[in-house]
Amino acid sequence: MVPPPPAASILDVLGNTPVVKLQHVVPEGCADVYVKLEYFSATGSYKDRMAKSMIEEAERSGRLAPHMTVVEATGGSTGSSLAFVCAVKGYPFVAHSSNAYANEKLLTMAAFGATVDITHSATGKATADLMTHMKSKAVELSKGDGYFYTDQFSNSDALVGYRQIGHELTAQFPNGFDAFCGSFGTGGMVMAVSSVLKPIMPDIRIVLVEPEGAALLSKGQKGAHGVDGISPGFISQHVDKALYDDTQAIKEEEGRDMCRRLAKYEGLFVGTSSGLNIAAAIHLARELGPGKKIVTVACDTGLKYLTGSLFSE
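The sequence shown lines up with residues 18 to 330 when you count with our numbering.
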């Protein structure tokens, strides 16, 4: 394998992440399960893609100019990625986040120079109204002069970066595959990937994944949960019913256990939403059976969850 040539900026090396086939955690008699390792990205998360596209599309359109301050409400990974992109480009960044999310993410944002405004969660979990409250604070701040609100839940520029995952998968699987699943936060990643895959693979099955205790799409149920970055308690504007076929609710503990099994048996160190994704992919693999291929995404690295209970249970 020939290494890439030197890049002018770290922003130029985002993407082109590898895909691996799971060898040990998928039971016999199932379809093959493949995982795209987005934790190879600069901050260890696929949110780098959408952060870069939201900032650069805003620059192109003139909505974001030098010396303006970027603002976002975030569960942590989007904030880390925006803080990273803003650091490279020289923009101040204000992140509205919460103690409900992994402390590593809050520390990462601050390390990249962000101002982190914390909304306290009494339970330490992402409640149904937490993100809505954080968003309202971001909107209020962005009304002032010199602020740009990226608005990840409504900003279609986020999809520009995520579509590249779909294009990469078509190159990595030239003969196609049978199903793709991914967890629903903004919904942007799955919707963007689906918009690329469905015209090329018309029979592909696209599945949105959510935690069972906050299964808004599949059960109309809001609730508190401990999976960073997904199921914010509302359905974002990115979610398009024409771009997905099914929803699947996974028990949070099943996803957390999958994270530990992936580390122990596959050498894959991933976060909680990735655990849900892969648990859902294995459910699909049982259903579709041998000879089929299921693809999902490892959203971020397990290194972001070391001080919590995920890997100490």
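By construction, the Cβ of each residue, glycine as well, lies at the ideal position given by its N, Cα and C atoms.
Just so we're clear, the structure is a prediction, and the values are computed from it rather than from any experiment.
Assumed close pair residue i, residue j - CB separation to whole angstroms, cut-off 8 Å
i: F165; j: V87; result: 5 Å
i: I223; j: V105; result: Not a contact, Cβ separation roughly 33 Å.
i: S200; j: V226; result: 4 Å
i: E89; j: Q169; result: 6 Å
i: E269; j: H242; result: 6 Å
i: L158; j: V111; result: 6 Å
i: C276; j: L327; result: 6 Å
i: L260; j: K310; result: Contact doesn't hold; Cβ gap of about 20 Å is too wide.
i: V30; j: L39; result: Not confirmed; about 26 Å, so no contact.
Spatially closest choice to residue i from the options, by CA coordinates
i: A296; options: L31, D29 and V43; result: V43
i: L279; options: D245, L186, V50 and N116; result: V50
i: R66; options: L81, F57 and G32; result: G32
i: A100; options: S235, T149, F129 and K310; result: F129
i: T203; options: Q181, L186, D174 and H184; result: D174
i: I135; options: D146, E121, T144 and A117; result: A117
i: G93; options: A25, H255 and M126; result: M126
i: F190; options: M218, Y179, M71 and V177; result: M218
i: R303; options: L323, V287, L81 and G46; result: G46
i: S248; options: A59, S235 and A188; result: S235
i: M206; options: V19, P22 and K64; result: K64
i: E330; options: P307, L320, I311 and R273; result: R273
i: V133; options: N120, A139 and G141; result: N120
i: L233; options: K215, I267, L260 and M208; result: I267
i: A145; options: P228, R277 and D29; result: P228
i: G183; options: T140, G161, N192 and M208; result: M208
i: L176; options: Y108, H255, P109 and V102; result: H255
i: E55; options: P307, G308, T324 and V287; result: V287
Bridge partner(s) assigned by DSSP for residue i
i: A266; result: E227
i: H113; result: A90 and D134
i: T313; result: V52
i: S62; result: D317
i: A143; result: H242
i: F57; result: BP columns for F57 are empty, so no partner.
i: C8; result: Lying before the first or after the last residue shown, residue 8 is absent from the chain, which here runs from 18 to 330.
i: V331; result: The first residue shown for the chain is 18 and the last is 330, placing residue 331 beyond what the model contains.
i: V287; result: T318
Distance CB(residue i)-CB(residue j) smaller than 8 Å
i: V210; j: F194; result: no
i: A315; j: L285; result: yes
i: Q317; j: G79; result: A quick correction: the sequence has Asp, not Gln, at residue 317. Their beta carbons are not under 8 Å apart, which means D317 does not touch G79 by this criterion.
i: M151; j: G250; result: no
i: M85; j: G163; result: yes
i: V156; j: T187; result: no
i: A48; j: L305; result: yes
i: S97; j: K69; result: no
i: Y322; j: H41; result: no
i: T91; j: F57; result: no
i: S138; j: S114; result: no
i: G237; j: A231; result: no
i: D245; j: T313; result: no
Complete alpha helix (DSSP H) runs within the region 161-189 (minimum length 4 residues, chain order): 174-189
Contiguous beta strand (DSSP E) assignments of at least 3 residues, all confined to the region 22-49: 36-38
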